[in-house]
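Take a look at the structure set out below.
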Amino acid sequence: MFIAFLLFAGTNQDEKGPRGERFLDNRRLDGTLPEIIAEAEKAIVYNMRRSTVISGLWRNDIDEYPRIALREAIINALGHRDYSHYALGTHIQIRMFTDRLEIENQGGLYGHLSEDTIGIDAPATRNAALMRMMEDMDLVENRGSGIRTMMEAMRAAHLAPPKFTNKHTSFNVTFFNHTLLDKETLEWLNKFSLIDLNDNQRFALAYLKRNPYAPKLTNRDYQRINSVESVQATRELGDMVKRAEVLLQHGTRGGAYYTLSDWVLDKNQQIEPTLEPKLSEKEKEILNYVKEHGFITNSLCRELLKIDINAANYLLTSMNRKYLLKRTGKGRWTKYTL
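For the sequence shown, the tail end lands on 338 under the UniProt record's numbering, and the numbers increase by one without skipping.
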């Protein structure tokens, strides 16, 4: 059992490197399960691009992809791949391109799961004994939470949601490195600022506009990208169709899907924008602090506003979901920047 890591020069496998080489990096990663996972993470991190935010004496590096999302995908690939005799001689592949990263394992989705239900329905386990062993080794914290962790990590980084592709004999997870909420998309969303839409609904609009692989949105998609239950997804999608009229519904019940309304797609449509979102006094204080110091933490927020840890966490998380702040780091090293 091993993982093959392949780094390509462009956006497809046919593009050659500067010296005509097929791969810029080509590694075989084997060993024990913890060793394979660690080596796979190391190979990706080594080849990832990073942006840097400098604030005073502090330097904060922002990864091209959230590491927690990549780790979950690697563990899922090892835990759920097909180890039967039908898959002998095959291996997991990690393919890194300039615009995306793909992790492919042998064996399609197991049991009742499909591309539409993965991350929403209860998981089915192909390798129950292996998953129990991975739990005992603390490689898996909470069985069934991996897909949701990936989705939440990508959303927190303002990146497009991962794409899941089931080919029956293999399963592929694709992470895109384009920012879902770039300047152009935020300006586009701002055109609808007079329409009362919540964060989930705005994120769904951005998802439809920016994701070239998703010209349509299903209820399951909405649940997955926003980490909400079916009832809430149905209510919020219905509101976008009937009241806001920013989506069109096609089909009914289980076969329903949604696309952007024609007037939303019209590039010449004019809506008087509200350039500045309405901010509370505390949000204004936080933004002013970050503009002056470069970042803020939960501890600094508590000190600034004289509030407790829960109130600070609520405020900072809310501002992250409103795209006023960007979250980096994890646990006690979490910081919020502009």
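From the three backbone atoms N, C-alpha and C, an ideal C-beta is built for every residue, glycine too.
Spatial neighbours of residue i within its chain, please: CB distance less than 6 Å, with the 5 preceding and 5 following residues excluded, ordered by chain position.
{"i": "residue 8", "result": "97"}
{"i": "residue 201", "result": "236, 240"}
{"i": "residue 76", "result": "146"}
{"i": "residue 17", "result": "9, 24"}
{"i": "residue 126", "result": "80, 110"}
{"i": "residue 19", "result": "none"}
{"i": "residue 82", "result": "106, 107"}
Return the first residue and the last residue of the beta strand (DSSP E) that residue i is part of.
{"i": "residue 343", "result": "In the structure displayed, the chain extends from 1 to 338; residue 343 sits before or after that span and is not available."}
{"i": "residue 131", "result": "Taken as a continuous stretch (DSSP letters only), residue 131 belongs to no beta strand (DSSP E), being part of the alpha helix (DSSP H) at 128 to 136."}
{"i": "residue 314", "result": "Run containing residue 314: none in the beta strand (DSSP E); it sits in the alpha helix (DSSP H), 309 to 321."}
{"i": "residue 170", "result": "170 to 176"}
{"i": "residue 258", "result": "257 to 260"}
{"i": "residue 159", "result": "Unbroken run through residue 159: none, as it is neither H nor E."}
{"i": "residue 250", "result": "247 to 250"}
Return the Cβ separation of residue i and residue j in integer angstroms, given the expectation that the two are a contact with Cβ distance under 8 Å.
{"i": "residue 342", "j": "residue 161", "result": "In the structure as shown, the chain begins at 1 and stops at 338. Residue 342 is therefore absent and cannot be evaluated."}
{"i": "residue 314", "j": "residue 181", "result": "No, residue 314 and residue 181 are not in contact; Cβ-Cβ is about 21 Å, not under 8 Å."}
{"i": "residue 89", "j": "residue 166", "result": "That belief does not hold up - the Cβ atoms of residue 89 and residue 166 are roughly 21 Å apart, past 8 Å."}
{"i": "residue 170", "j": "residue 104", "result": "6 Å"}
{"i": "residue 337", "j": "residue 294", "result": "7 Å"}
Does the Cβ-Cβ distance between residue i and residue j come in under 8 Å?
{"i": "residue 256", "j": "residue 219", "result": "yes"}
{"i": "residue 80", "j": "residue 3", "result": "no"}
{"i": "residue 35", "j": "residue 74", "result": "no"}
{"i": "residue 327", "j": "residue 156", "result": "yes"}
{"i": "residue 137", "j": "residue 33", "result": "yes"}
{"i": "residue 37", "j": "residue 130", "result": "no"}
{"i": "residue 258", "j": "residue 216", "result": "yes"}
{"i": "residue 153", "j": "residue 68", "result": "yes"}
{"i": "residue 113", "j": "residue 128", "result": "no"}
{"i": "residue 5", "j": "residue 22", "result": "no"}
{"i": "residue 319", "j": "residue 292", "result": "no"}
{"i": "residue 316", "j": "residue 244", "result": "no"}
{"i": "residue 307", "j": "residue 246", "result": "no"}
Tell me which same chain residues have a C-beta within less than 7 Å of the C-beta of residue i, skipping the five on either side of it?
{"i": "residue 72", "result": "146, 149, 150"}
{"i": "residue 299", "result": "none"}
{"i": "residue 230", "result": "219, 223"}
{"i": "residue 116", "result": "218, 220"}
{"i": "residue 164", "result": "115, 118, 173"}
{"i": "residue 266", "result": "none"}
{"i": "residue 48", "result": "63, 64, 65"}
Determine the extent of the alpha helix (DSSP H) in which residue i is found, giving its start and end residues.
{"i": "residue 281", "result": "281 to 293"}
{"i": "residue 13", "result": "Premise fails: residue 13 is in no alpha helix (DSSP H) and is neither H nor E."}
{"i": "residue 237", "result": "230 to 242"}
{"i": "residue 100", "result": "Per DSSP, residue 100 belongs to no alpha helix (DSSP H); it is in the beta strand (DSSP E), 100 to 106."}
{"i": "residue 43", "result": "33 to 47"}
{"i": "residue 216", "result": "From DSSP, residue 216 is part of no alpha helix (DSSP H); its letter is neither H nor E."}
{"i": "residue 415", "result": "As shown, the chain starts at 1 and ends at 338. That puts residue 415 outside it, with no answer to give."}
{"i": "residue 305", "result": "298 to 305"}
{"i": "residue 109", "result": "Run containing residue 109: none; DSSP gives neither H nor E here."}
{"i": "residue 86", "result": "Segment: none, residue 86 is in no alpha helix (DSSP H) and carries neither H nor E."}
{"i": "residue 206", "result": "199 to 210"}
Take residue i and list the residues in its own chain whose beta-carbon comes closer than 8 Å to its own, dropping the five residues that flank it on each side.
{"i": "residue 321", "result": "199"}
{"i": "residue 12", "result": "97"}
{"i": "residue 101", "result": "44, 65, 70, 94, 95, 174, 175, 177"}
{"i": "residue 31", "result": "39"}
{"i": "residue 304", "result": "285, 286, 289, 296"}
{"i": "residue 158", "result": "179, 180, 181, 323, 326"}
{"i": "residue 268", "result": "The pLDDT assigned to residue 268 is 44, lower than 50, so where the model puts this residue is not dependable, and the model offers no usable value."}
{"i": "residue 209", "result": "185, 188, 260"}
{"i": "residue 242", "result": "none"}
Can you pull the DSSP bridge partners for residue i?
{"i": "residue 6", "result": "26, 95"}
{"i": "residue 327", "result": "336"}
{"i": "residue 165", "result": "172"}
{"i": "residue 179", "result": "159"}
Less than 8 Å between CB atoms is the rule here; does residue i satisfy it with respect to chain E?
{"i": "residue 175", "result": "The chain labelled as chain E is not found in the depicted structure, where only one protein chain is given."}
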